[in-house]
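Worksheet: one structure, shown below.
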Amino acid sequence: MSEPVAGETCVRNAFRGQAKSCDELGSPFTARLCRLVADRLDASSAVGERILGWRGDPTSKGDSVALRLAGALHALVLSGRSESLGASYPPNSADDETLWRAIDQAIRQEPGFLLDRLTSAPQTNEVRRSGALLPGFLTVAQLFGKPLVISEIGASAGLNLHWDRYRYDLASGRWGDEAAAVVIAPEWSGGPPPLRPVEIIDRAGCDLHPLNAADGDDRLRLLSYIWADQQDRIDRTRQALKIAASRSNPVERADAIDWLKTRLARIYPGAAHVVYHSIAWQYLPEAARKEGDALIAAAGAAATQEAPIARLQMEADGQTPGAALSLQIWPAGETHAVGRADFHGRWVDWKGWPESRS
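End of the sequence shown = 385 in this note's numbering, gap-free, step of one.
Written out as structure tokens, the structure reads:
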């Protein structure tokens with residue numbers, strides 16, 4: 028049974044809603060693009076007809092149709108397929124009329140490419156989220172004094188599986204590889220994390236549609252979903268892709284729940300196993316989330332001081348600003364809200380693990 032048609036008004040409002048989010052997340056260009064599409068797109072082209080007649084939920088909580096189109100247009104620019112569109116994209120400047128003409132021309136000249144891209148959900152791998160996850164990993168290492176095994180759900184190209192290969196400039200000091208090409212320096216508030224050496228003895232991730240950092244088409248897809256006026260994010264991601272491409276790909280194509288069953292079945296004596304995810308859990312169906320919660324809890328119940336387990340999460344919780352950071356450890360089974368972070372990792376507000384238990 029096909030999805031119901033959302034309705035033109037709903038689609039246009041979805042673009043306006045995305046524009047508001049782009050403004051809040053520091054991308055005025057993408058916000059302007061979304062508003063132009065909301066106000067001016069019509070159904071006289073195949074792409075316009077497809078978007079305005081969208082079947083399903085066009086909002087950011089559903090199919091994210093605005094980000095699908097923004098990523099597809101950006102891919103035309105990054106691949107050099109549309110010179111007129113590229114001339115209107117950052118770092119160039121263009122007024123609304125010029126930008127819209129370029130968008131409209133691209134929509135009419137590249138229908139096959141754009142329609143194909145519209146069939147796929149946006150896929151990002153925001154490497155700055157490693158700066159929000161880092162204090163959680165360091166806390167687990169401090170609590171147990173053991174090397175880490177790390178398992179990421181929704182790992183995309185695996186950029187946040189390589190968090191220990193980056194350099195971090197934090198308010199309380201530096202951590203990581205001093206020579207790393209990827210430098211993550213979030214605006215920091217709250218207490219300092221335990222800046223201590225960490226050894227990782229095993230790392231792996233899963234994704235329904237993993238991207239290969241060594242593949243040109245996959246790199247283009249990943250970069251295209253970064254907003255065009257955020258060049259620092261594009262540059263940082265390119266460097267992180269080089270690091271990931273130089274390593275064996277630890278991201279498996281797998282359903283999250285099936286993968287968790289296998290991953291959690293193995294015991295790692297002498298190491299702390301950290302299962303983590305960032306802005307990924309919300310995209311699983313409710314039944315899958317419940318099953319995943321139960322799987323992790325069951326593994327936690329079987330954990331020992333010799334083989335402890337932790338769950339580190341960076342996920343939207345309906346509160347503002349940003350996303351919630353939470354950490355649960357076993358065998359104690361304690362859970363604490365340890366901070367909040369910007370969805371793109373621009374800032375971190377770190378509350379930390381209660382001192383009485385650290």
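For each residue, glycine too, the CB sits at the ideal point set by N, CA and C.
Query: Of the residues 68, 55 and 344, which one's Cα is nearest the Cα of residue 36?; Result: 68
Query: Let me check understanding here. Comparing Cα to Cα, which of 237, 181 and 148 lies closest to residue 86?; Result: 148
Query: Just to confirm before moving on: does the CB-CB distance between residue 292 and residue 174 stay below 9 Å?; Result: no
Query: Taking 6 Å as the limit between beta carbons, can you name the residues of its chain near residue 382, skipping five residues before and five after?; Result: none
Query: I want to see whether chain D comes within less than 9 Å of residue 129, judged by CB atoms only; does it?; Result: The question asks about chain D, but that chain is absent: this structure has only one protein chain.
Query: Less than 7 Å between C-beta atoms, sequence neighbours within five positions excluded: which residues of the same chain meet that for residue 150?; Result: 183, 236, 238, 248, 249 and 252
Query: Give me the Cβ distance between residue 73 and residue 142, rounded to the nearest whole Å; I'm assuming they're in contact under 8 Å.; Result: 6 Å
Query: Give a yes or no on whether the C-beta atoms belonging to residue 350 and residue 342 are separated by under 9 Å.; Result: yes
Query: Going by DSSP in three states, residue 375 sits in which element: helix, strand or coil?; Result: strand
Query: In angstroms with no decimal places, state the Cα-to-Cα distance between residue 62 and residue 336.; Result: 46 Å
Query: Excluding five sequence neighbours on each side, which residues of the same chain lie with their C-beta closer than 6 Å to the C-beta of residue 384?; Result: Because the pLDDT of residue 384 is 40, which lies under 50, any placement of that residue in the model is unreliable, and the number read from its coordinates should be weighed accordingly. Taken in chain order, the list of residues that qualify is empty.
Query: So does the segment 295-310 actually touch the segment 198-214, counting three or more Cβ pairs closer than 8 Å?; Result: no
Query: When DSSP labels each residue in this structure, what does residue 337 get in the three-state scheme?; Result: strand
Query: What are the residues that DSSP puts in a beta bridge with residue 361?; Result: 356
Query: Counting only runs of 3+ residues fully inside the segment 205-291, write out the beta strand (DSSP E) ranges in chain order.; Result: 214-217, 227-234 and 278-280
Query: Look at the alpha carbon of residue 109 and the alpha carbon of residue 133, and state the distance between them as a whole number of angstroms.; Result: 7 Å
Query: Residue 370 to residue 156, Cα distance in whole Å?; Result: 7 Å
Query: Roughly how far, in whole angstroms, is the beta-carbon of residue 339 from the beta-carbon of residue 163, given that I think they are within contact range, below 8 Å?; Result: 4 Å
Query: Compute the Euclidean distance between the alpha carbons of residue 161 and residue 190, then round it to the nearest angstrom.; Result: 7 Å
Query: Between residue 230 and the rest of its own chain, which residues show a CB-CB distance below 6 Å, the 5 nearest in sequence each way excluded?; Result: 177, 188 and 277
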